[in-house]
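In this note's numbering, the protein residues as written are 220 to 555.
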């Protein structure tokens, strides 16, 4: 355990957590929505510090981050817990632990994590699988040491962190893939248990802080797949983040509590990608459909194929010093 950052004491031994945008008021002996921050005697504790539930060496393309050191390896880490309650969570076994349940995990210090990342020749550490915001103190210490050792850091996140903690870690955080799950208040409330506008504010803050951002939308048939909504997402990305921000439109498959919906049809992903390009985005990708042309990076200026992918593997690469090798246009990202 470690005393949590970003909370304030209230009367009656209650505390108000200021880490994420839920701003939970937690009574003595209780936990916040995330299930991993507990009030003990008027002091808020993180229950997951040094408690890694999962770690693995992944291709960075799995995050997905296509414009962040393409072809490199990321040392992926997670603890249990999440501040969302997504009905379609793909990692619900570790993210949606029973409230008040035992905290599971391996005891690994931040220094040990960084040592392992270096041992496996990883370019970056990825805070992923669950929600990195809920293990912020742990992630912050890992990220700080990683930077000192020459590694880069990226979050795979739902975008629900509060302003101050994000500003505090921004100097160590190089990239983020942020879920923009829908452009609907109702969807966020019913499917995720969160506030839509708060997500938008957080996403814009990532951009203002100079963190490289890529956006992912998991397209669920009948819930967030209308052409109108997809255009709204594409326009938000273009107008608020910049047309150089990659958008990943990915295929849903039935899981957890959302098993009454079919898998996403490939044609719908192609339509979503076309919408993004029509709205002026430079880079739109189809995800969870290996072999699709939509996995590839094309130059927005001359249209030539620059990065050919199959799944998480790069087949060919034609970016030179961050530019298209054919026409010289700048290709946006980190470490290209």
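Don't be surprised by glycine CBs; every beta carbon is placed ideally from N, CA and C.
Keep in mind the model is a prediction, meaning the values are calculated, not measured.
- Residue 288 and residue 371 have their C-alpha atoms some 10 Å from each other.
- Contact check for residue 465 against residue 307 fails: the beta carbons are separated by 8 Å or more.
- Distance check between residue 462 and each of 282, 443, 434 places 434 closest, using alpha-carbon atoms only.
- By the Cβ criterion, the region 402–410 is not in contact with the region 421–434, since fewer than three pairs of Cβ atoms, one from each stretch, lie closer than 8 Å.
- Note that the C-beta distance between residue 377 and residue 455 is not below 8 Å.
- Put simply, of 518, 393, 450 the residue whose alpha carbon is nearest the alpha carbon of residue 554 is 393.
- Residue 281 and residue 530 have their C-alpha atoms spaced approximately 8 Å apart.
- If you compare the alpha carbons of 300, 319, 273 with that of residue 326, the shortest gap goes to 273.
- By the Cβ rule, the region 233–248 counts as touching the region 351–360, because three or more pairs are nearer than 8 Å.
- Taking a C-beta distance under 8 Å as the contact criterion, residue 402 and residue 362 do not qualify as a contact pair.
- A direct Cα-Cα distance of roughly 20 Å separates residue 319 from residue 351.
- Below 8 Å, enough C-beta pairs join the region 505–524 and the region 537–552 to call them touching: three or more.
- Contact check for residue 279 against residue 343 passes: the beta carbons are separated by less than 8 Å.
- Just so you know, the alpha carbons of residue 501 and residue 262 end up roughly 47 Å apart.
- Within the same chain, 278, 280 come within 8 Å of residue 532 by CB-CB distance, once the 5 residues on both sides are set aside.
- Spanning the alpha carbons of residue 339 and residue 507 requires a straight line of approximately 26 Å.
- In this structure, the CA atom of residue 229 is about 14 Å from the CA atom of residue 249.
- Taking the C-beta atoms as reference points, residue 424 is found nearer than 8 Å to residue 385.
- Bounds of any beta strand (DSSP E) do not take in residue 354, whose DSSP letter is neither H nor E.
- Under DSSP, residue 516 forms a beta bridge with 526.
- Around the beta-carbon of residue 534, fewer than 16 other beta-carbon atoms lie within 10 Å, marking it exposed.
- Bounds of any beta strand (DSSP E) do not take in residue 283, whose DSSP letter is neither H nor E.
- The beta carbon of residue 537 sits closer than 6 Å to the beta carbons of 525, 544 from its chain, once the five residues preceding and following it are set aside; these are given in chain order.
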